[in-house]
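**Q** 0 is the number of the first residue of the sequence shown in numbering that gives the first Met the number 0; add one for each residue after it.
Just so it is clear, CB atoms sit at the ideal spot from N, CA and C, and this is done for glycine as well.
Just so we're clear, the structure is a prediction, and the values are computed from it rather than from any experiment.
Quick one: the structure is below, questions incoming.
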Amino acid sequence: MKLYADTPARRSAQLLSDLLLVAWTVVWIWAGRVVYDTTAALAVPGRKLADAGDGLSGYMTEAGERAADIPVVGDSLRSPFDGAGSASRRLAEAGRDQQEAVLDLALLLGVVVAAVPILLLVAVWLPGRVRFVRRATAARGLIDADADIDLFALRALATQPMHVLARISDDPAGAWRSRDETVVRALAAVELRDSGLRLPQ
Numbered sequence: 000m001k002l003y004a005d006t007p008a009r010r011s012a013q014l015l016s017d018l019l020l021v022a023w024t025v026v027w028i029w030a031g032r033v034v035y036d037t038t039a040a041l042a043v044p045g046r047k048l049a050d051a052g053d054g055l056s057g058y059m060t061e062a063g064e065r066a067a068d069i070p071v072v073g074d075s076l077r078s079p080f081d082g083a084g085s086a087s088r089r090l091a092e093a094g095r096d097q098q099e100a101v102l103d104l105a106l107l108l109g110v111v112v113a114a115v116p117i118l119l120l121v122a123v124w125l126p127g128r129v130r131f132v133r134r135a136t137a138a139r140g141l142i143d144a145d146a147d148i149d150l151f152a153l154r155a156l157a158t159q160p161m162h163v164l165a166r167i168s169d170d171p172a173g174a175w176r177s178r179d180e181t182v183v184r185a186l187a188a189v190e191l192r193d194s195g196l197r198l199p200q
């Protein structure tokens, strides 16, 4: 598999684009983490509410048990404490629910803030990289003989712009037909350069 071009300028551009993708990814993961942390801080009141509700429920339950020990009126005294303890437990549960909802929202916002820009850039970057890797890998597998170089020269005649062909020869097709090695190699080199490869010596 051929990941990078043989030609220095194109290889440098590919490395730069890969590094920019990595930097872009790191920046947006960091931004997603900041959004998560900032949003998760909104869960603090819910946590305090849950702690306060749990503490109050414990005190009310304990007070109700002590009140129940009072002879004759204990059961009637215990009832308001049990009611307050039950209300405190519901308050604590509401605090935990609020805390959980805020943390779920924080996670969702953090993932969206990080994932959307990263996926947008990958959607632009990936097709070009995959196309290069497929084309360069296939071309590299074909340049192991003189007949293969002739194939790339023929492909250059069919696909390269006229001004590129004119720089190689006044009659590139005639030179290719007569097997002019210099022109054939020059045509193949131009086509291989488009695939990010160099013509073998």
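Which class does Leu5 belong to by DSSP, given the choice of helix, strand or coil?
**A** For the record, residue 5 in the displayed sequence is Asp; it is not Leu. DSSP places Asp5 in coil when its eight states are reduced to three.
**Q** What does the alpha-carbon distance come out to for the pair Trp175 and Ala12?
**A** Distance between the alpha carbons of Trp175 and Ala12 is about 32 Å.
**Q** Nearest by alpha-carbon distance to Ser168: which of Leu186, Pro199, Leu107 is it?
**A** Selected option, being the one with the closest Cα: Leu186.
**Q** Can you check which of these residues, Arg178, Ile148, Arg95, is closest to Arg202 by C-alpha distance?
**A** Examination of residue 202 is not possible in this model, given that the chain is present from 0 through 200 alone.
**Q** With a Cβ-Cβ cutoff of 8 Å, do Asp53 and Ala91 count as a contact?
**A** Yes. Within cutoff.
**Q** Under a three-way DSSP split, which group does Ser177 fall into?
**A** Of the three classes helix, strand and coil, the one that applies to Ser177 here is coil, per DSSP.
**Q** Leaving out five residues on either side along the sequence, give the residues of the same chain with a beta carbon under 7 Å from the beta carbon of Ser87.
**A** Excluding sequence neighbours, Ser87 sits near Gly52, Leu55, Ser56, Met59.
**Q** Would you identify the three-state DSSP class for Leu198, choosing helix, strand or coil?
**A** Leu198: coil per DSSP, three-state reduction.
**Q** On the criterion of 16 or more Cβ atoms from any shown chain inside 10 Å, does Gly173 qualify as buried, or is it exposed?
**A** Classification for Gly173: exposed.
**Q** Gln97: which of Ala30, Trp29, Ala40, Val112 sits nearest, CA to CA?
**A** Checking every option, the nearest Cα to that of Gln97 belongs to Ala40.
**Q** Relative to the C-alpha of Phe131, which candidate in Gly195, Arg65, Leu48 has its C-alpha closest?
**A** Nearest C-alpha to Phe131: Gly195.
**Q** CA-CA distance, Arg178 and Ala152?
**A** One C-alpha to the other measures close to 10 Å.
**Q** Which residue wins for smallest C-alpha separation from Ala157, given the options Arg77, Val189, Gly31, Phe80?
**A** That would be Val189, whose Cα lies nearest to the Cα of Ala157.
**Q** With respect to the alpha helix (DSSP H) encompassing Met161, which residues constitute its N-terminal and C-terminal limits?
**A** Run containing Met161: 161–167, per the alpha helix (DSSP H) assignment.
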